[in-house]
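Each step along the sequence shown adds one to the number in this note's numbering, with nothing skipped, and position 235 is 921. Every residue gets a Cβ at the ideal spot worked out from N, C-alpha and C, and that includes glycine.
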Amino acid sequence: MVVWHRFEVLKKLKMKLISVNVGLPREVTWKGKPVRTGIFKESVNSRVMVRELNLDGDRQADLTVHGGVDKAVYVYPFEHYEYWQSELPDTELTLGIFGENFTVTGFKEEEINIGDRFKIGSAELMVTQPRLPCYKLGIRFGRSDMVKRFLASRRTGFYFRVLQEGEVVAGDTLELMSRDTNNISVADITQLYVRERSNPELLYRAAELEALPKSWRDYFQEQIRQRPSGGEKGKG
Numbered sequence: 687m688v689v690w691h692r693f694e695v696l697k698k699l700k701m702k703l704i705s706v707n708v709g710l711p712r713e714v715t716w717k718g719k720p721v722r723t724g725i726f727k728e729s730v731n732s733r734v735m736v737r738e739l740n741l742d743g744d745r746q747a748d749l750t751v752h753g754g755v756d757k758a759v760y761v762y763p764f765e766h767y768e769y770w771q772s773e774l775p776d777t778e779l780t781l782g783i784f785g786e787n788f789t790v791t792g793f794k795e796e797e798i799n800i801g802d803r804f805k806i807g808s809a810e811l812m813v814t815q816p817r818l819p820c821y822k823l824g825i826r827f828g829r830s831d832m833v834k835r836f837l838a839s840r841r842t843g844f845y846f847r848v849l850q851e852g853e854v855v856a857g858d859t860l861e862l863m864s865r866d867t868n869n870i871s872v873a874d875i876t877q878l879y880v881r882e883r884s885n886p887e888l889l890y891r892a893a894e895l896e897a898l899p900k901s902w903r904d905y906f907q908e909q910i911r912q913r914p915s916g917g918e919k920g921k922g
């Protein structure tokens with residue numbers, strides 16, 4: 687009943703796509719060396735096609751750590767911009783500055799579950815994982831400490847897998863189509879990853895969460911094996 691209640695409440699929220707942001711890889715200089723990055727995004731007002739691996743007009747530079755079906759679309763809540771403006775008062779926070787493809791409003795990581803399915807425009811998407819930033823976020827902000835600050839804030843945003851390709855445009859609503867019954871939020875997964883709190887029951891559930899990418903499940907399974915109980919479920 688609690689899970690269903692939360693689903694119904696979330697369905698009624700005014701969840702909206704307020705900016706669609708795309709950008710192609712470019713070469714910049716960082717600490718005296720050339721770096722190729724796709725983190726620089728610009729907001730577009732026209733309809734954009736969401737495809738299996740990215741949006742039209744958008745690409746990732748380093749496909750060994752970025753992109754792929756589980757990280758096709760990066761989403762960041764607009765609600766976090768106020769926090770970052772107070773933390774970085776001298777930085778102009780244009781929409782898309784975090785490298786997100788979708789700037790959204792109406793919810794945060796605590797309210798979104800891994801496996802949740804949304805319809806935006808004519809596209810259908812599924813939440814897969816939080817964002818773990820790399821050093822290129824520091825390049826975008828011109829700050830070497832930005833990666834550490836970003837992860838410490840727990841304001842990670844999350845990724846979508848594309849279930850059905852389609853067009854989106856700023857102003858589209860986010861319709862929650864279905865909710866994963868495991869009920870593990872994006873925020874929960876981040877806390878488990880950084881080992882912020884001990885929650886054996888949640889750890890076991892995360893390790894078996896089908897909607898979570900295999901690399902994350904493998905990571906949590908390794909955490910379980912390292913537990914004093916020797917990976918025996920229900921102990922510790």
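Segment limits, beta strand (DSSP E) that includes residue i
| i | result |
| --- | --- |
| residue 850 | 844–850 |
| residue 810 | 809–816 |
| residue 887 | Unbroken run through residue 887 is the alpha helix (DSSP H), 886–893; no beta strand (DSSP E). |
| residue 719 | 719–723 |
| residue 830 | Neither: residue 830 is in no beta strand (DSSP E) and is coded neither H nor E. |
| residue 762 | 759–763 |
| residue 791 | 788–791 |
Proximity below 9 Å, CB of residue i to CB of residue j
| i | j | result |
| --- | --- | --- |
| residue 821 | residue 833 | yes |
| residue 763 | residue 795 | yes |
| residue 850 | residue 809 | yes |
| residue 854 | residue 813 | no |
| residue 799 | residue 704 | no |
| residue 835 | residue 887 | no |
Distance between residue j and residue i (C-alpha atoms, nearest Å)
| i | j | result |
| --- | --- | --- |
| residue 842 | residue 910 | 24 Å |
| residue 756 | residue 781 | 23 Å |
| residue 865 | residue 719 | 45 Å |
| residue 893 | residue 831 | 31 Å |
| residue 922 | residue 889 | Residue placement at residue 922 is flagged as unreliable, the pLDDT there being 43, under the threshold of 50; the coordinate-derived value follows with that caveat. Near 12 Å, if we compare the C-alpha coordinates of residue 889 and residue 922. |
| residue 712 | residue 721 | 8 Å |
| residue 742 | residue 758 | 11 Å |
| residue 729 | residue 912 | 44 Å |
| residue 815 | residue 776 | 30 Å |
| residue 880 | residue 714 | 30 Å |
| residue 914 | residue 895 | 23 Å |
| residue 875 | residue 701 | 22 Å |
| residue 739 | residue 768 | 30 Å |
| residue 902 | residue 791 | 26 Å |
| residue 878 | residue 797 | 16 Å |
| residue 824 | residue 732 | 29 Å |
| residue 709 | residue 811 | 20 Å |
Rounded distance between the beta-carbons of residue j and residue i, thought under 8 Å
| i | j | result |
| --- | --- | --- |
| residue 736 | residue 852 | 6 Å |
| residue 826 | residue 906 | Not a contact, Cβ separation roughly 29 Å. |
| residue 885 | residue 801 | Going by Cβ atoms, the distance from residue 885 to residue 801 rounds to 18 Å, so no, they are not a contact pair. |
| residue 862 | residue 806 | The Cβ separation is near 11 Å, so there is no contact. |
| residue 760 | residue 786 | 5 Å |
Nearest candidate by alpha-carbon position, reference residue i, set the options
| i | options | result |
| --- | --- | --- |
| residue 789 | 872, 839, 765, 892 | 765 |
| residue 783 | 731, 860, 707, 711 | 707 |
| residue 839 | 791, 730, 817 | 817 |
| residue 803 | 848, 793, 773, 792 | 848 |
| residue 717 | 908, 744, 724, 829 | 829 |
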